[in-house]
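Each residue of the sequence shown is one higher than the last, beginning at 29 in the numbering used here. What follows is a set of notes on a single structure, which appears directly below.
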Amino acid sequence: LFRSNKKFNSAIQMIAKPKVIVSLLLALVFVMVLVNIVLKKDFVFLTQTFNYTPEYAYQLLGDIGATGRDIHQLVFLPDILMVLLYTVLLIGANYAVFRKLIKNCFVISIITFSPLILSITQLAEIIILAIVLLQYPNQLFSLVQVSNIITMTKTILTVIIFLMPLAGLCALGINKIVKKVYHGERKAN
């Protein structure tokens with residue numbers, strides 16, 4: 029994938045630069061603070077709830093009232109921005125780390141673009157919950173059940189996908205230590 033399109037390859041290399049990765053990370057932290065502190069209300073958003081039932085979801089939507097449901101919908105906008113930021117951040121970070129560890133372009137492509145799975149999952153969650161909120165007070169129990177499954181999947185994928193570049197950095201560090209020890213032994217002989 030990376031060898032076949034020079035413009036695409038240049039774009040990936042650009043977002044893999046350390047200053048771009050740090051800038052994206054800072055922007056992501058800013059949006060996360062905005063959503064989780066500034067816009068945080070005295071209720072839990074369904075996107076931040078793990079393993080909820082349709083009954084719980086509709087109880088929550090009823091308890092928060094029309095204003096709460098409007099706020100819940102408004103939070104989807106920074107959530108979408110957060111998805112865009114972390115997708116580009118993680119694609120750049122994965123490429124920056126794993127191109128140093130792996131020489132197979134196909135494997136690097138899979139690892140580099142794995143954050144797209146999380147992005148698609150989170151966007152599906154947002155779309156389904158937006159439909160549920162827009163249709164309130166109509167109760168779409170099946171759709172809420174699907175949303176709950178997507179939310180649980182998103183939560184698990186978030187942990188895995190965000191740990192990938194960190195695991196790659198650890199592997200790079202171990203690789204560097206092993207090479208240093210190996211070259212030290214060779215010089216001693």
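Built from N, CA and C at the ideal position, the CB exists for glycine as well.
- F36: member of the alpha helix (DSSP H) spanning K34 to I43, first to last residue.
- Distance between A199 and I189, taken at the CA atoms: about 16 Å.
- Contact between L105 and L56 does not hold, since the beta-carbon distance rounds to 15 Å and is not under 8 Å.
- In chain order, V116, I119 and G120 place their CB closer than 7 Å to the CB of I43, counting only its own chain and leaving out the 5 sequence neighbours on each side.
- Here N132 has no same chain residue with a Cβ atom under 7 Å from its own Cβ, once five neighbours each way along the sequence are excluded.
- In this structure, K69 and G90 do not form a Cβ contact; the two beta carbons are roughly 15 Å apart against a cut-off of 8 Å.
- Burial is judged here by how many other beta carbons sit within 10 angstroms of a residue's own beta carbon; N166 has fewer than 16 and is exposed.
- With a cutoff of 9 Å on beta-carbon distance, I40 and Y123 are scored as near each other.
- Between I184 and the set N33, F78 and L151, the nearest pair of CA atoms involves F78.
- For K47, the uninterrupted alpha helix (DSSP H) run begins and ends at P46 to V61, by DSSP.
- Classified as buried, V103 has 16 or more neighbouring CB atoms from the shown chains inside 10 Å of its CB.
- Per DSSP, the unbroken alpha helix (DSSP H) holding N122 starts and ends at F104 to F126.
- Counting only residues of its own chain and dropping the five nearest sequence neighbours on each side, Y86 has a CB closer than 6 Å to the CB of Q167.
- Boundaries of the alpha helix (DSSP H) around S137: C133 to F141.
- For P143, same chain residues with a beta-carbon under 6 Å away, outside a window of 5 residues either side, are T115, L118, I119 and I189 in chain order.
- Residue environment: I154 is assigned as buried (16 or more neighbouring CB atoms within 10 Å of its CB, all protein chains considered).
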